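Q: Residue numbers (the UniProt record's numbering): 1 to 251. Think of the CB as a built atom: it goes at the ideal place given N, C-alpha and C, for glycine as much as any other residue. Keep in mind that this is a model prediction, so the values were computed, not measured.
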Ligand SMILES: Nc1ncnc2c1ncn2[C@@H]1O[C@H](COP(=O)(O)OP(=O)(O)OP(=O)(O)O)[C@@H](O)[C@H]1O
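1. What residues come near ligand 1, if near means a beta carbon less than 6 Å from any of its heavy atoms?
2. At which residue ranges does the region 20-96 contain complete alpha helix (DSSP H) runs of 4 or more residues, listed in the order of the chain?
3. Does the beta-carbon of residue 113 have 16 or more other beta-carbons within 10 angstroms, so that it is buried, or is it exposed?
4. How about residue 36 and residue 243: do their beta carbons lie closer than 8 Å?
5. With a cut-off of 8 Å, do at least 3 Cβ pairs link the region 23-39 to the region 6-13?
6. Roughly how many angstroms separate the alpha carbons of residue 175 and residue 218, rounded to a whole number?
7. What residues in its chain sit with their C-beta under 6 Å from that of residue 210, if we drop five residues either side in the sequence?
8. Using C-beta distances below 6 Å, list every residue in its chain close to residue 110, excluding the 5 sequence neighbours before and after it, in chain order.
9. Any idea what DSSP makes of residue 246, helix, strand or coil?
10. Pick out the complete beta strand (DSSP E) segments inside the region 99-181, 3 residues or longer, and give them in chain order.
11. With DSSP as the reference, please indicate the residues paired to residue 191 in a beta bridge.
12. Is there contact here, the region 44-57 with the region 162-169, by at least three beta-carbon pairs under 8 Å?
13. For the beta strand (DSSP E) containing residue 10, name the first residue and the last one.
14. Thinking just about the alpha-carbon of each residue, which of 180, 212, 123 is nearest to the one in residue 155?
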């Protein structure tokens, strides 16, 4: 369970000592267990910044966030045990194989050699990685990289998964396979939070959506609730209305 309350974060503008970019402003939302929640917003809306705060990689300037009751600022170690994080860039070690990349992370998480071997083997099967498990990550396709990064995120059996644009760059088949894996994880009771800028993508997968625009939550509801509240049957139109754009701008 994720609870974000009035999160704010600004960064110093490149090349300026005084000017700051307000990346996230007063962002509040909840993501429940056994649900897939989408953080949906256009480029630069503040999605990655929000996810990085939740993953304890950066600290908020104001506000707070809890994962399973652990505060991201006060108890970052406990939060890290609860979460698996898939960053924007998978960040694999190119000289290690897929299996070694996952096993290395298992060791960092404190699994002993036997547990690490067993869990890594299970994830290789579950994520259909057998065909490339023992190849070096250097030269992997985007889909292969995403699978390895997801395996790494799942190795310590976290309750919560935080995924930054997980389907980015995946082809239709890889996207479908990833969706099916995420639905299985949801059905097992995991709390899944993912970011996307594509309404259709989010509507295929998510039970609940927080639409974020210019660093603020513009609307948070179920897919049907978003249709109803924006008065738009078409989801893309609903997204445009929610972020305050005019529908004609898309035509
Ligand atoms: N380290 C940083 N230094 C300066 N500005 C930053 C930094 N990180 C993010 N920003 C700025 O904060 C704003 C929000 O960025 P963020 O990456 O959170 O958006 P996003 O919704 O994930 O976008 P995208 O869909 O393009 O990945 C942008 O204006 C971005 O340029």
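A: So, from the data block:
1. 11, 21, 23, 41, 43, 44, 45, 46, 47, 48, 49, 197
2. 47-54, 76-82
3. exposed
4. no
5. yes
6. 27 Å
7. 29, 39, 217, 220
8. none
9. Low local confidence applies: a pLDDT of 46 at residue 246 is under 50, so the model's placement there is unreliable, with the coordinate-based value given in what follows. Residue 246 falls in the coil class under three-state DSSP.
10. 160-163
11. 35, 160
12. yes
13. 2-12
14. 123
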